[in-house]
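Q: If you scroll down you'll find the structure; I have some questions about it.
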Amino acid sequence: MTREEKAVIIDELSQKFASTPYFYITSANGMSVGETNQLRGLCFERGIEYRVVKNTLIKKALETLNTDYSSFDEVLKGFSGVMFHPESGKVPAQLIKEFKKKSGSDKLKFKGASVDSSVFVGENQLDVLIALKSKQEMIGEVIGLLQSPAKNVISALSSGGNKLAGILKTLSEKED
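So the mapping is simple: the working numbering equals the position in the sequence shown, first residue as 1, plus 8.
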């Protein structure tokens, strides 16, 4: 690979890292062609872009960004693949865990991730990433919490109004 080709790849990766708030670095060392194809198929189904890139090119691309990704230096060894997802930080984590479960092997390893510029390193962080809530989920919960008291007040008023009307009707019928 020539210097110019490497420069183009580094530039593409830098732009991708900068424009995608969620990316994962994995290792698929020792996977067969069939397993790799299965992984790529799952990625495609879930809208995840999966690319295998040299570690040095990943490092150089990350160095061009404003965020400090130096903690990835320790995991950028061996065979590395990068998963990009434009909308959710937990979809790749769920895919990795599901792939491990289905294949029955630990060949696909989670090295690290960046979720909204927060860095997660190590296999033990996978469950943390799965539990993360997306921005839309958090907004939905806040709106639900804000609407809950208003709904309770409205339902209490409307049910109270019905009770009062029923009592008045009963009283008026008794007088007749």
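Each residue gets a CB set at the ideal place from its N, CA and C atoms; glycine is no exception.
Rank Thr34, Glu20 and Ile66 by C-alpha distance to the C-alpha of lysine 108 and give the top, closest one.
A: If we check each option's Cα against that of lysine 108, Thr34 comes out closest.
Q: Within this structure, are the beta carbons of lysine 110 and asparagine 37 separated by less than 9 Å?
A: Cβ distance not < 9 Å, so lysine 110 and asparagine 37 don't count as in contact.
Q: Decide yes or no for the touch test of the stretch 63-70 against the stretch 151-158: beta carbon pairs closer than 8 Å, at least 3 of them.
A: Counting Cβ pairs under 8 Å, fewer than three are found: no touch.
Q: Check the DSSP bridge columns for glutamate 57 and list the partner residues they point to.
A: Glutamate 57 is bridged to Phe92.
Q: Helix, strand or coil, according to DSSP, for glycine 152 in the structure here?
A: Three-state result, glycine 152: helix.
Q: Can you tell me where the beta strand (DSSP E) with phenylalanine 80 in it begins and where it stops?
A: Premise fails: phenylalanine 80 is in no beta strand (DSSP E) and is neither H nor E.
Q: Can you give the beta carbon distance from valine 123 to glycine 97, rounded, assuming they're within the 8 Å contact cut?
A: With 8 Å as the limit, valine 123 and glycine 97 qualify as a contact, their Cβ atoms being about 4 Å apart.
Q: Are serine 79 and glycine 120 close, meaning C-beta to C-beta below 9 Å?
A: Contact flag set, yes.
Q: In chain order, what residues of the same chain have a beta carbon less than 6 Å from the beta carbon of cysteine 51, not counting five sequence neighbours either side?
A: Within the same chain, cysteine 51 has close Cβ partners Tyr58.
Q: Can you grab the Cα-Cα spacing for the pair glycine 148 / valine 90, in whole Å?
A: So the two alpha carbons sit approximately 30 Å from each other.
Q: When DSSP builds the beta bridges, which residues end up paired with lysine 117?
A: Ser35.
Q: How would you write the range of the alpha helix (DSSP H) that serine 22 sits in, first residue to last?
A: Looking at the DSSP string, the run of the alpha helix (DSSP H) that includes serine 22 is 11-27.
Q: With DSSP collapsed to three states, give me the class of serine 180.
A: Reduced to three states, the DSSP call for serine 180 is helix.
Q: Suppose you measure from the CA of isoleucine 56 to the CA of glycine 174; what does that come to, to the nearest Å?
A: Between isoleucine 56 and glycine 174, the C-alpha separation is close to 59 Å.
Q: With distances taken between CB atoms, is the gap from tyrosine 32 to glutamate 95 smaller than 9 Å?
A: No, the pair does not count as a contact, with Cβ atoms beyond the cut-off.
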